[in-house]
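Residue numbering for the sequence shown is 3 to 526, as defined by my numbering.
Report on one structure; see the data block that follows.
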Amino acid sequence: MSDRAEMRGPTSRKRRTTISGGGVKQANGSKWHEAAEKPPQCPGKAKPDEVSKHASNNGKVSRETGMSEQQQQQQQQLPHSPKKQRTIVEDLNGRLSCHVLQESLLSSASGYSNYRGILNWCVVMLVLSNARLFLENIIKYGILVDPIQVVSLFLKDPYSWPAACLIIVSNMFILAALYTERRLAVGTISENVGLMLHIFSLTALLIFPSFVVLTVTSMTPVGGVLSLGVYTVLFLKLYSYQDTNRWCREIRQAKAKKLTRSYSCPSVAQSNGSAVHAHVSYPGNLTHRDIYYFVFAPTLCYQLNFPRSSRIRKSFLIRRLFEMLFFMQLLVGLIQQWMVPTIQNSMKPFQEMDFSRMVERLLKLAVPNHLIWLIFFYWFFHSSMNFMAELMQFGDREFYKDWWNSESVTYFWSNWNIPVHKWCLRHFYKPMLKKGVNKLLAQTAVFIASAFFHEYLVSVPLKMFRLWAFMGMMAQVPLAWFVGRFLTGNYGNAAVWISIIIGQPIAVLMYVHDYYVIHYGSTT
Ligand SMILES: CC(C)(COP(=O)(O)OP(=O)(O)OC[C@H]1O[C@@H](n2cnc3c(N)ncnc32)[C@H](O)[C@@H]1OP(=O)(O)O)[C@@H](O)C(=O)NCCC(=O)NCCS
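This is the structure in structure tokens:
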């Protein structure tokens, strides 16, 4: 390999290796990849077996081009070994032609795509610029991080724990779902009665906690979000539970009609104490252990036999636990130190409807908001979910996909929150498509349902009905159409990032502004 090739970085060495020895080297000096690329069909092209021919010609060329006497002597003293001779001739050849036919690296025609160094530069710039912002923030506001204040976000009165009580009461709904399914399995209630009981229970699962959050005065907004979040997750899980068990009964009936005896139905009593990893069949799954495993498992979709990992990896578990604790502290610190003062400073321009200042505040808020959202994503979908999954030996760890590469809005929504997406597909979207509903209508219906839950989780705890979250989610439908229709590739990806970075702080500012106005009469 020539010195020039040796001096190049590891990547260029790999991509643009000059082939010595028996390799391909054009007469005009152009170098080509060993196997991946073919040289263009230009007249000066030299075949590999012509290299030796070049070597013999080369001495002549050197003389013709005025080689020094010393060089000529050196050439005369060449050892007669053909291999050594060829190497020296190639060396001379390399000195003669220093240009090769090639594109500049930043030109798209070069096919170059390794921007690892640029990515590192972006990270360094990000850290440096944020370090400046961090210093500026500390100089301006001092240390605002206060762990005691975090406790007050959950509790107004130290002797009243409404959110915790509400979460404990949710067990009632879990047991109601299990007992209803058991009755349905043995046929003591009809399918219609079972359906009515489930509808009643699922409706109560949404109405009851919102009633408590709205009426209990000691409930804080954060406590409200937490308890409503638990109830929403439970709603989705129990919906999936009753749907899956109904499908099992339908299969059982279909098999019974065929008069097969292959479908085993162990009794409920028998399977109550069965081993966790034992394969269960309907209705053997209708046990306390099974339903509680599902309730705590990091999934919203029920199935009779979840894939299980063979053992709990302690080091993996400890790493995830450490991450959970660390990122939790970081989230709280960033919200107190960075988000809260920025939001407070944004209220005046919003009250005065000073448009340019409003945009400036919005962009200022976008940075901490986005950083917090990214940390939240990692904390929740990677650290916390993997921690729960490892603890419960739950095998399916696909909690997110590569949403960061989204080139369309639909790709983003289908890949950033896999548990919700899976639930939407399995229990809502595909059943609608099966019934012959138009695809666009089915997608819109999913987004309406999702918008409802987003609004439910914000409006009820804040005791303020503004529909900003609902509209934000519904805006995804036309946005998805626009991005899909007009933008592709990197432009589509940039549009998705912009919608995430700018869209969220708009909703945050809207809610906080309205909250301040309602509770403090003025934003100043
Ligand atoms: C609406 C939504 C479900 C659409 O998802 P999508 O992946 O774009 O939907 P597609 O039309 O590509 O099809 C998905 C599936 O339906 C199937 N499908 C499509 N058309 C079908 C039809 N006519 N009949 C039967 N199946 C069909 C596809 O084969 C595919 O199946 P697969 O998953 O097994 O491969 C998705 O955008 C979504 O989950 N949105 C809401 C997300 C959300 O609110 N998240 C909240 C996070 S906080």
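Glycine is no exception: its CB is placed at the ideal position from the N, C-alpha and C atoms.
Treat the numbers as computed from the prediction; the structure is a model and nothing was measured.
Contact annotation: Phe378 and Pro300 have beta-carbon atoms that are not nearer than 8 Å. The segment 176-184 and the segment 231-247 touch, with no fewer than 3 CB-CB distances between them shorter than 8 Å. In this structure Tyr413 is buried. Its beta-carbon is surrounded by 16 or more other beta-carbon atoms within 10 angstroms. Take the alpha-carbon of Phe213 and the one of Ala256: they are about 42 Å apart. In this structure, the CA atom of Ser83 is about 44 Å from the CA atom of Arg118. Arg310 has Phe396 as its beta-bridge partners, per DSSP.
With a cutoff of 7 Å, Val422 counts as near ligand 1, since its C-beta is closer than that to a heavy atom of the ligand.
Shortest gap from the CB of Val479 to any heavy atom of ligand 1: 7 Å or more. Proximity to Val297 across Gly491, Tyr243, Arg310, Val152 peaks at Tyr243, based on C-alpha coordinates. Counting along the chain, the unbroken alpha helix (DSSP H) around Met434 starts and ends at 432-436. The C-beta of Asp148 has fewer than 16 other C-beta atoms within 10 Å across all chains shown, which makes the residue exposed. Your pair Phe318 and Glu392 checks out as a contact, with CB atoms roughly 6 Å apart and the cut at 8 Å. The shortest CA-to-CA distance from Pro343 to any of Leu130, Ile140, Ser131, Glu105 is the one to Ile140. If you draw a 10 Å sphere on the C-beta of Gly226, you find 16 or more other C-beta atoms in it, and that means buried.
The segment 131-216 is shown to contain whole alpha helix (DSSP H) runs of 4 or more residues at 149-156, 164-171, 173-188, in chain order.
With distances taken between CA atoms, Asn492 lies nearest to Asn407 out of Glu138, Asn122, Asn407, Lys437. Counting the other CB atoms within 10 Å of its CB gives Asn307 a total below 16, which places it among the exposed residues. Annotation: the continuous alpha helix (DSSP H) that includes Cys250 extends over 223-259. Counting along the chain, the unbroken alpha helix (DSSP H) around Glu362 starts and ends at 357-379.
For Pro84, the secondary structure class from DSSP, reduced to helix, strand or coil, is helix.
Remark: C-beta atoms of Leu302 and Pro421 approach each other more closely than 8 Å. Checking the 7 Å criterion, the Cβ of Lys403 is out of range of every heavy atom belonging to ligand 1. Below 8 Å, enough C-beta pairs join the segment 509-521 and the segment 353-371 to call them touching: three or more. Taking the Cα positions, Ser172 is about 38 Å away from Met349. Distances taken from the Cβ of Lys441 to the heavy atoms of ligand 1 include one shorter than 7 Å.
Taking 7 Å as the cut-off, the C-beta of Ser416 counts as close to a heavy atom of ligand 1. DSSP places Glu105 in the coil class of the three-state scheme, outside both helix and strand.
Its chain contains Met360, Arg363, Leu511, His515, Thr525 as the residues whose beta carbon lies nearer than 8 Å to that of Phe352, once the 5 sequence neighbours on both sides are disregarded; these appear in chain order. Close CB contacts of Ala497 within its chain, under the 7 Å cut and outside five residues either way in sequence, are with Val485, Leu489 (chain order). Between Ser99 and Ser106, the C-beta gap is not smaller than 8 Å, which leaves the two residues out of contact.
When the Cα atoms are used, Leu216 and Ile169 turn out to be separated by approximately 15 Å. DSSP, reduced to helix, strand and coil, places Glu457 within a helical segment of the structure shown. Ser501 has its CB no nearer than 7 Å to any heavy atom of ligand 1.
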